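Counting the sequence shown from 1 gives a position; this note's numbering is that position plus 47. No residue lacks a Cβ here, since even glycine has one placed at the ideal position from N, Cα and C. Bear in mind that the values here come from a model prediction, so they are computed numbers and not experimental data.
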Amino acid sequence: QVQLVESGGGLVQAGGSLRLSCAASGSSFGINAMGWYRQAPGKQREMVATVTRSGNTNYADSVKGRFTISRDSAKNAVYLQMNSLKPEDTAVYYCNARTFMDYWGQGTQVTVSS
48 QVQLVESGGG LVQAGGSLRL SCAASGSSFG INAMGWYRQA PGKQREMVAT VTRSGNTNYA
108 DSVKGRFTIS RDSAKNAVYL QMNSLKPEDT AVYYCNARTF MDYWGQGTQV TVSS
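Rendered as structure tokens:
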């Protein structure tokens, strides 16, 4: 079992920045990849950014150049630096950890006002 705890969401004006953090505990030694997903009202959950154990990253086209994912393997933590935020980035952001199955955090709300 892996437990994930997110923090760092909030309300920000368009053009502003936020940094999300996610700490993993439990059987975290088996984590291969970590990432961030988001779900806006009435929409499906979508991938925002992922990072593998070796440091390979992948971003959704909509956030490339604005968001940066990073991982601290020693702390079993993953971070998402979000810059130049847009109202369409408003969503609940979920941390994900992947072993042989997916684990999810409880989600943190990000609201970007225009």
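If I'm right that residue i touches residue j with Cβ under 8 Å, what's the distance once you round it to whole angstroms?
| i | j | result |
| --- | --- | --- |
| Glu-53 | Gln-128 | Going by Cβ atoms, the distance from Glu-53 to Gln-128 rounds to 14 Å, so no, they are not a contact pair. |
| Cys-142 | Leu-58 | Their Cβ separation, rounded to whole angstroms, is 20 Å, which puts Cys-142 and Leu-58 out of contact at 8 Å. |
| Asn-130 | Ser-72 | Contact flag wrong, Cβ pair sits at about 28 Å. |
Does the beta-carbon distance from residue i to residue j come in below 8 Å?
| i | j | result |
| --- | --- | --- |
| Gly-56 | Tyr-140 | yes |
| Met-94 | Gly-112 | no |
Check residue i in the structure and name its three-state DSSP category.
| i | result |
| --- | --- |
| Phe-147 | coil |
| Asp-119 | strand |
| Ser-75 | helix |
Which same chain residues, not among the five before or five after residue i, have their C-beta less than 8 Å away from its C-beta?
| i | result |
| --- | --- |
| Thr-146 | Val-49, Ser-74, Gly-77, Ile-78, Asn-79 |
Could you work out which residue in the options is closest to residue i when comparing CA atoms only?
| i | options | result |
| --- | --- | --- |
| Asp-149 | Ser-160, Tyr-84, Asn-105, Gln-91 | Tyr-84 |
| Pro-134 | Arg-100, Ala-87, Thr-115 | Ala-87 |
| Ala-121 | Gln-60, Gly-82, Lys-90, Arg-100 | Arg-100 |
In its own chain, which residues sit with a C-beta less than 6 Å from the C-beta of residue i, not counting the 5 before and 5 after it?
| i | result |
| --- | --- |
| Ala-30 | Within the shown structure, residues of the chain are numbered from 48 to 161, placing residue 30 beyond reach of any answer. |
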